[in-house]
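Notes for the one structure printed next.
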Amino acid sequence: MTLFFRDRFFGLASVLAWLMIALAARPGAAQQDRFPSRYQYPVSQYPVRRVQFREPASQPSQPRGDEFQQRQQQRVGPQPVARQHPLVPAIAMAHRSMKAMEGIRDYECTLVKRHRNRETGKMRDLQYIQLRVRHKPFSVYMYFLTPADTKGQQVLYVEGANKDSAGKSNLVVQPVGFVKGRLGPFHFSPQSPTVMKDQRYPITDVGFKNLAVRLIEVAERDKKFGECDVKFFNKTMVNNRSTTCIQVYHPVPRDNFRFHIAKIFIDDELGVPIRYEAYMWPKKPGGKPVLDEEYTYLNVKTNLGLTDADFVIRKNK
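Each residue of the sequence shown is one higher than the one before, counting from 32 in our numbering.
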């Protein structure tokens with residue numbers, strides 16, 4: 032009997048021994064029992080973090096060339112598309128205005144203008160000028176109405192006419208006054224210091240077509256920078272003419288900006304700019320913008336069939 036139990040005991044012990052050996056053969060079994068992985072816990076015990084990309088467990092050798100650039104782009108992710116610059120719609124409207132002017136061969140109007148003297152900082156008196164413009168060949172005739180000391184003065188420029196010794200077209204000035212009125216007319220280069228002394232722009236820049244060209248050039252340059260706000264105001268009246276006003280605003284003075292605020296008024300019927308005004312930054316914080324220049328084309332009459340006879344200097348009596 033004792034031998035029977037002894038045999039059964041050793042048999043059971045052998046089975047247990049083989050079972051323990053089998054369990055010990057499992058890799059990491061003891062570690063799993065003592066240090067269970069955190070991912071075996073419910074997800075709610077751990078914060079969820081969403082990431083776009085995951086690094087590989089083992090870092091490969093550093094890629095080169097195009098492969099490196101692609102890898103860097105993947106790490107950064109897709110770049111945001113740049114927001115359209117606020118000046119883009121204004122530039123598009125200016126180009127539409129240029130298109131509308133293709134149907135205008137000539138025009139008469141009253142030009143009202145003034146600007147601030149760069150040297151003294153004082154605003155000049157308003158000038159009222161009877162203006163004639165022909166686009167081909169480019170021709171300008173001015174008859175000054177005000178101020179009183181220039182009333183009756185005439186200025187003429189015709190492209191291809193009144194050439195100097197170098198073959199360049201000059202402008203012709205017929206002044207007023209007892210002496211100068213009798214000695215004139217005088218011929219000058221459009222860029223002559225004598226002519227430009229009291230002017231911002233040469234006579235070759237006169238007219239709303241040249242105004243549109245200049246505004247497009249300035250807008251294209253400003254488009255390279257930020258700090259710009261553009262607003263549109265419909266049905267803005269200028270001398271009983273309905274216009275669309277484009278207001279361009281630069282909040283901070285920078286060397287690359289020519290103005291603080293500029294307003295361009297596009298005639299709704301004609302499709303051309305008939306007024307421009309520009310303001311500089313206030314002299315003191317919280318102050319009002321300072322008017323720097325303004326130009327208005329009043330009573331515009333287009334396609335009159337102007338001829339060479341309409342672009343001549345008439346001697347003052």
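For every residue, glycine included, the Cβ atom is placed at its ideal position computed from N, Cα and C.
V79 - DSSP class collapsed to helix/strand/coil: Because V79 sits at a pLDDT of 31, beneath the cut-off of 50, its placement in the model cannot be relied upon, and the following sentence gives the value as read from the coordinates. Of the three classes helix, strand and coil, the one that applies to V79 here is coil, per DSSP.
Going along the chain, which residues of its own chain have a beta-carbon closer than 7 Å to the beta-carbon of N265, five neighbours each way excluded? T275
On the CB-based measure, 16 or more other CB atoms within 10 Å of its CB, does F288 come out buried or exposed? buried
Going along the chain, which residues of its own chain have a beta-carbon closer than 8 Å to the beta-carbon of H126, five neighbours each way excluded? I247
Pick out the complete beta strand (DSSP E) segments inside the segment 169–240, 3 residues or longer, and give them in chain order. 170–177, 185–189, 202–205 and 217–219
Given that a residue counts as buried once 16 or more other Cβ atoms are within 10 Å of its Cβ, and exposed if not, what is Q222? exposed
Which residues does DSSP list as the beta-bridge partners of K262? Q278
CB-CB under 7 Å to D339, same chain, minus the five flanking residues each way: which ones, in chain order? none
Which residue's Cα is closest to the Cα of V303: R272, A250, T181 and P206? R272
Round the Cβ separation of M311 and F290 to the nearest angstrom and send it over; I've been treating them as touching at under 8 Å. 6 Å
Taking the alpha carbon of V171 as the reference point, which residue from N270, N193, M268 and M124 has its own alpha carbon closest? N193
Keeping to the same chain, check which residues put their C-beta closer than 6 Å to that of E190; ignore five residues upstream and five downstream. P168, F169 and S200
Taking 9 Å as the threshold (C-beta atoms), are V261 and A121 in contact? yes
Unbroken alpha helix (DSSP H) run spanning A309, endpoints: Per DSSP, A309 belongs to no alpha helix (DSSP H); it is in the beta strand (DSSP E), P304 to M311.
First through last residue of the beta strand (DSSP E) which encompasses I297: I292 to D298
Excluding the 5 residues flanking I234 on each side, which residues of the same chain have their C-beta closer than 6 Å to its C-beta? V171, Y188, L202 and P221
For D156, three-class secondary structure by DSSP: coil
Distance, Y159 Cα to L142 Cα: 6 Å
Alpha carbon of E325 to alpha carbon of R114, nearest angstrom: 32 Å
Going by the CB atoms, is the gap between F239 and M132 shorter than 9 Å? yes
Can you round the beta-carbon distance between I417 and P320 to whole angstroms, since I take them to be within the 8 Å contact cut? The shown model of the chain, from 32 to 348, leaves out residue 417, and the question about it has no answer.
If we ignore side chains and look at the alpha-carbon of each, how far apart do K346 and L176 end up? 16 Å
So R136 and N334 are supposed to be a Cβ contact under 8 Å. How far apart are they, rounded? 5 Å
Whole-angstrom distance between V207 and E308, CA atom to CA atom: 29 Å
Straight-line Cα distance separating Q161 from E139: 8 Å
Check whether I277 and I297 have beta carbons under 9 Å apart: yes
Kindly identify the DSSP beta-bridge partner or partners of L142. I160 and Y328
If you draw a straight line from the alpha carbon of R95 to that of K254, how long is it in whole angstroms? Residue placement at R95 is flagged as unreliable, the pLDDT there being 49, under the threshold of 50; the coordinate-derived value follows with that caveat. When rounded, the distance between both Cα atoms is 37 Å.
Leaving aside the five residues before and after N330 along the sequence, list all residues of the same chain whose C-beta is less than 7 Å from its C-beta, in chain order. C140 and T141
M154 and R165 look like a contact to me (Cβ under 8 Å); what is the Cβ gap, rounded to whole Å? The Cβ separation is near 31 Å, so there is no contact.
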